[in-house]
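One structure is given below, encoded as structure tokens.
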Amino acid sequence: MSISVFIFLATFQTVSGQNSPKKYLEDAISLMKLNSVNKAAVDWTKLYDEAMSSIQDKKNNKDVYSIIIKSLDALDDHHSGFYPPEIVSAYMKTYRESGLQFPYPKDSLLNGNIGYITVPAIGNLNQDDWNLYVGDFYNKLKALDSKELRAWVIDVRENDGGMFSPMYKAIQPFLDRKKVIGSKDNGGIISYYKTSKNNILFANTVIAKIDVPMITLSSKKIPIYILVSKKTASSGEFVTAAFVGQKNATIIGVNTQGLTSDNSEFRLSDGAILKLTTGILVDRERKEYSQIGKGITPDIEVISTKLKDYISKIEQIESTK
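The numbering used here puts the first residue of the sequence shown at 1099, with every later residue one more than the last.
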């Protein structure tokens, strides 16, 4: 899968200087050893020895890429990755510059009184695109909020991951409290995402800035239904989990994919990025989602690919109130 599926934190830590292939590999392994969420379960002596035994004929850093990728398999987190400089450069571009369709949220007024909006995956690292994503989302929310709604529907069925910061800023108007989503690191420390003005923070570290003013919804307290599918993964699951335990929120669908871990990116000396899984998802009640492939269990099961079946279920629920 592409980098867009997995990147969460735009927190780059740089290993500076041009290194020999051996030093380049040692730096990468050191970052793994220090930051991997599964560090306690890895045989680091074996990993190091196997990696170094493959380096004798390597003449430059690029020759080491395959060894780093193989070493990442030993972390057994199914979420770490390695991205060469040219791939990193591509993800710094806007969608327009890359010739790709921008992931605008879809919105509509369903049955005259249900506000519907999607939270699509956004996979690049471009600040302007993040502002556009959140700004467009808020404009559509405000238009729907001007109607007399009896429920909101937030659709993340097609969200298979990407950059969590713009998604997190987008859903802020729906959330009933702070500290609703976070992760637990390899030392057992739980940290939460939060917002402060235009900044997105993880614990007390600013990880992103999105220059779009927050909005307030007049219909914030009406029922909210979050639609999920087996395709809902990674950042899409973090969006979903942000609503777990919120009194007016109900998750509908099937178990999500189960990539419930978050990543940090470390820029190596040649501009490549080593993406490491550094924590596992925790919700507002500090529940951990550590089992790969299990995902988030919905409150109400709907086995369908058709939106009308989800809306029919919501109508049924609302009619009994």
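Yeah, the Cβ is synthetic: ideal placement off N, Cα and C, and Gly gets one too.
(request) Give me the Cα-Cα distance between ILE1390 and LEU1273, rounded to the nearest whole angstrom. (result) As a working mapping, residue 1390 is identified with position 292 in the sequence shown. As a working mapping, residue 1273 is identified with position 175 in the sequence shown. Counting only the Cα atoms, LEU1273 lies some 26 Å from ILE1390.
(request) Within its chain, find whatever has a CB closer than 8 Å to the CB of SER1333; leave out the 5 residues flanking it on each side and keep chain order. (result) Taking the first residue of the sequence shown as position 1, residue 1333 is located at position 235. Cβ within range, chain order: PHE1106, ALA1219, ASN1257, GLY1259, GLY1260, MET1261, PHE1262, MET1265.
(message) Once DSSP output is grouped into helix, strand and coil, what is the label at GLY1356?
(response) Within the sequence shown, the letter at position 258 stands for residue 1356. Correct three-state label for GLY1356: coil.
(request) Use the C-beta contact count for LYS1404: other C-beta atoms within 10 angstroms, 16 or more gives buried, fewer gives exposed. (result) For this step, residue 1404 is matched to residue 306 along the sequence shown. Around the beta carbon of LYS1404, fewer than 16 other beta carbons lie within 10 angstroms, which makes this residue exposed.
(message) Is it buried or exposed, ASP1175, if we count other Cβ atoms within 10 angstroms and call 16 or more buried?
(response) In the sequence shown, residue 1175 corresponds to position 77, counting from 1. Burial call: buried.
(message) What does the Cβ neighbour count give for THR1348, buried or exposed, with the cut at 16 atoms within 10 Å?
(response) As a first step, residue 1348 is located in the sequence shown; it is residue number 250 there, counting from the start. Classification of THR1348: buried, given that the 10 Å Cβ count is 16 or more.
(request) With DSSP collapsed to three states, give me the class of SER1206. (result) Start at 1 with the first residue of the sequence shown, and residue 1206 comes out as number 108. Three-state result, SER1206: strand.
(request) Measure from the alpha carbon of GLY1269 to the alpha carbon of each residue in ASN1284, SER1244, LYS1121, LYS1240, then state which is nearest. (result) Here the question's residue 1269 lines up with position 171 in the sequence shown. Per the sequence shown, the amino acid found at residue 1269 is Ile instead of Gly. Proximity to ILE1269 across ASN1284, SER1244, LYS1121, LYS1240 peaks at LYS1240, based on C-alpha coordinates.
(message) Relative to the C-alpha of LEU1173, which candidate in ILE1394, SER1118, ALA1126, TYR1202 has its C-alpha closest?
(response) Position 75 of the sequence shown, counted from the start, is the residue given in the question as residue 1173. Measuring C-alpha to C-alpha distances from LEU1173 to each of ILE1394, SER1118, ALA1126, TYR1202 identifies ALA1126 as the nearest.
(request) Go through the region 1291-1377 residue by residue and report every complete run of the alpha helix (DSSP H) that reaches 4 residues or more, in order. (result) Counting only runs of 4 or more, we get 1333-1339.
(request) Pick helix, strand or coil for GLU1148, following the three-state DSSP scheme. (result) In the sequence shown, the residue the question calls residue 1148 occupies position 50. Correct three-state label for GLU1148: helix.
(message) Could you give the first and the last residue of the continuous alpha helix (DSSP H) run that contains LYS1131?
(response) By 1-based counting over the sequence shown, the position of residue 1131 is 33. Where LYS1131 is concerned, the enclosing alpha helix (DSSP H) stretches over 1119-1133.
(message) Please report the straight-line C-alpha distance between VAL1251 and TYR1323, rounded to a whole angstrom.
(response) Position 153 of the sequence shown, counting from 1, holds the residue named residue 1251. Position 225 of the sequence shown, counting from 1, holds the residue named residue 1323. Distance between the alpha carbons of VAL1251 and TYR1323 is about 5 Å.
(request) Using 10 angstroms around the beta-carbon of GLU1413, count the other beta-carbons present and answer buried if the total reaches 16, otherwise exposed. (result) Taking the sequence shown and counting its residues from 1, the one referred to as residue 1413 is at position 315. Per the 10 Å Cβ criterion, exposed.
(request) Please specify which runs of the beta strand (DSSP E), each continuous and at least 3 residues long, are wholly inside the region 1228-1299, giving them in chain order. (result) Counting only runs of 3 or more, we get 1249-1253, 1279-1282, 1288-1294.
(request) Quick one: grab the DSSP three-state call for ASP1049. (result) Since the displayed the chain opens at 1099 and closes at 1419, residue 1049 lies outside it and no answer follows.
(request) With a threshold of 16 other CB atoms inside 10 Å of the CB of ILE1077, please say whether the residue is buried or exposed. (result) Since the first residue shown for the chain is 1099 and the last is 1419, residue 1077 is missing from the structure and cannot be characterised.
(message) For VAL1217 and TYR1231, I'd like the C-alpha separation in whole angstroms.
(response) What you label residue 1217 is simply residue 119 of the sequence shown in a count that begins at 1. What you label residue 1231 is simply residue 133 of the sequence shown in a count that begins at 1. Counting only the Cα atoms, TYR1231 lies some 10 Å from VAL1217.
(request) Express the C-alpha separation of THR1303 and SER1388 in angstroms, rounding to a whole number. (result) Within the sequence shown, numbered from 1, the residue matching residue 1388 stands at position 290. Within the sequence shown, numbered from 1, the residue matching residue 1303 stands at position 205. Per the coordinates, the alpha-carbon of SER1388 lies some 24 Å from the alpha-carbon of THR1303.
(request) Kindly indicate which residue of GLY1285, ILE1287, LYS1267, PRO1271 has the alpha-carbon position closest to the one of LEU1299. (result) Numbered from 1 along the sequence shown, position 201 holds the residue referred to as residue 1299. Per the Cα distances, LYS1267.
(message) If I follow the unbroken beta strand (DSSP E) through ILE1212, where does it start and stop?
(response) Taking the sequence shown and counting its residues from 1, one reaches residue 1212 at position 114. Unbroken beta strand (DSSP E) run through ILE1212: 1212-1216.
(request) State yes or no: is the C-beta of SER1327 nearer than 7 Å to some heavy atom of the ligand HEM? (result) Questions concerning the ligand HEM fall outside what the structure shown contains, since it holds no ligand whatsoever.
(message) Measuring only the C-alpha atoms, how far is THR1314 from GLU1246?
(response) Sequence index remark: in the sequence shown, residue 1314 carries index 216 (1-based). Sequence index remark: in the sequence shown, residue 1246 carries index 148 (1-based). Each residue's Cα considered, the two are about 15 Å apart.
(request) From the DSSP output, read off the bridge partner residues of GLU1399. (result) As a position in the sequence shown, residue 1399 is number 301, starting the count at 1. DSSP output for GLU1399 lists GLY1351 as bridge partner(s).
(request) Taking all protein chains shown into account, decide if MET1312 is buried (16 or more other Cβ within 10 angstroms of its Cβ) or exposed. (result) Translated into positions along the sequence shown, residue 1312 becomes position 214. A residue is called buried when at least 16 other Cβ atoms come within 10 angstroms of its Cβ; MET1312 does not meet this threshold and is exposed.
(request) Take every Cβ of the region 1339-1358, pair it with every Cβ of the region 1391-1410, and state whether three or more of those distances are shorter than 8 Å. (result) With a cut-off of 8 Å, the region 1391-1410 and the region 1339-1358 count as touching, because enough Cβ pairs lie within range.
(request) Go through its chain and collect everything with a Cβ distance to VAL1049's Cβ below 8 Å, but skip five positions before and after it. (result) Lying outside 1099 to 1419, the shown extent of the chain, residue 1049 is not represented and no answer is given.
(request) Quick one: residues in its chain with C-beta nearer than 6 Å to the C-beta of THR1375, no 5 flanking neighbours on either side, listed in chain order? (result) Residue numbering aside, residue 1375 sits at position 277 when the sequence shown is read from its first letter. Correct list, in chain order: VAL1135, ASP1175, HIS1177, SER1178, SER1359, ASN1361.
(request) Buried or exposed for ASP1226, please, with buried defined as at least 16 other CB atoms from any protein chain shown within 10 angstroms of its CB. (result) Indexing the sequence shown from 1 puts residue 1226 at position 128. So ASP1226 counts as exposed.
(request) Starting from TYR1193, follow the alpha helix (DSSP H) in both directions and report where the run begins and ends. (result) Reading the sequence shown from its first residue, position 95 is the one you call residue 1193. Segment: none, TYR1193 is in no alpha helix (DSSP H) and carries neither H nor E.
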